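Chemist:
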Amino acid sequence: MTNLTLDKIDLVRERTGASYQQAVELLTENEGNVIEAIISYENSNLTEDKINNNFSKKIENIEVSGGKLVEKVKSLLHEGNVTRISIKKDDEIVLNIPVNFGIAAVVLAPFLSVLAGIAAVATSCTIIIERK
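Numbering (my numbering), first residue to last: 5 to 136.
1. Residues in its own chain within less than 6 Å of Leu50 by CB, not counting five upstream and five downstream?
2. Using the Cα positions of Asn57 and Gln26, report the straight-line distance between them to the nearest angstrom.
3. CB-CB under 7 Å to Ala109, same chain, minus the five flanking residues each way: which ones, in chain order?
4. Count the C-beta pairs between the segment 82-95 and the segment 23-41 that are closer than 8 Å, then say yes if the count reaches three, no if not.
5. With DSSP as the reference, label Glu40 as helix, strand or coil.
6. Once you ignore the five residues that flank Glu2 on each side, which residues in its own chain have a CB closer than 6 Å to its CB?
7. Under 8 Å Cβ to Cβ from Phe105, same chain only, skipping five residues before and after it: list those, please.
8. In angstroms, rounded to a whole number, what distance separates the CA positions of Ser69 and Gly36?
9. How is Glu52 classed by DSSP in three states: helix, strand or coil?
10. Does the distance from the C-beta atom of Ile66 to that of Thr130 stay below 8 Å?
11. What's the C-alpha gap between Leu80 and Glu18?
12. Could you check the C-alpha separation between Val16 and Ile42 for me, to the nearest Å?
13. Looking at the strands, I want to know which residues DSSP matches up with Asn65.
14. Val86 by DSSP, collapsed to three states: which one?
Shown next, in the form of structure tokens:
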């Protein structure tokens, strides 16, 4: 029997957007390992959007120059209908941020400083936006 705690369940839910039931199942399948549960979730593409069919996702690609990267990401966060933002440079994902309600102010501040660093060396990047 795996040792499941509410902290582990909440971590999986926070990082993936999974329901409590999904988080428990993922942790059970991965013997209580939070990281493996998150990876399993990502690999299975198990999202609430697909399970509930409440709405479809729309994915957009936006090309930006390095100097406008942080500004564009901030404006996307304020739109409110963005669920995930990824930054791609030279066909490689350099940053992948799930945007859940309530985490923008606390969690995304460090990401914006990372974006500023990427923008400083990037001539151009592609922002991949997943919307509701």
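No residue lacks a Cβ here, since even glycine has one placed at the ideal position from N, Cα and C. Note that the structure is predicted; figures quoted are calculated from it, not measured.
Modeler: With the given structure in hand:
1. Any answer about Leu50 is weak, because its pLDDT of 46 lies below 50 and its placement is not dependable; what the coordinates show is given next. Hits under 6 Å: none found.
2. Reliability fails at Asn57, whose pLDDT of 47 lies under 50, so the model's placement of it is uncertain and no value is given.
3. With a pLDDT of 48 at Ala109, under the threshold of 50, the predicted position of this residue should be treated as unreliable, and no value is reported.
4. no
5. helix
6. The structure shown has nothing for residue 2, since the chain only spans 5 to 136.
7. Because the pLDDT of Phe105 is 45, which lies under 50, any placement of that residue in the model is unreliable, and the number read from its coordinates should be weighed accordingly. Taken in chain order, the list of residues that qualify is empty.
8. Roughly 42 Å separates the two Cα atoms.
9. Residue confidence is low: Glu52 scores 48 on pLDDT, short of 50, so the model does not pin down where it sits. Its coordinate-derived value is still stated next. In the structure shown, Glu52 sits in a helix (DSSP, three-state: H, G or I).
10. In terms of Cβ geometry, Ile66 and Thr130 form a close pair [threshold 8 Å].
11. 20 Å
12. The alpha-carbon atoms of Val16 and Ile42 are separated by roughly 6 Å.
13. According to DSSP, Asn65 bridges with Ile132.
14. strand
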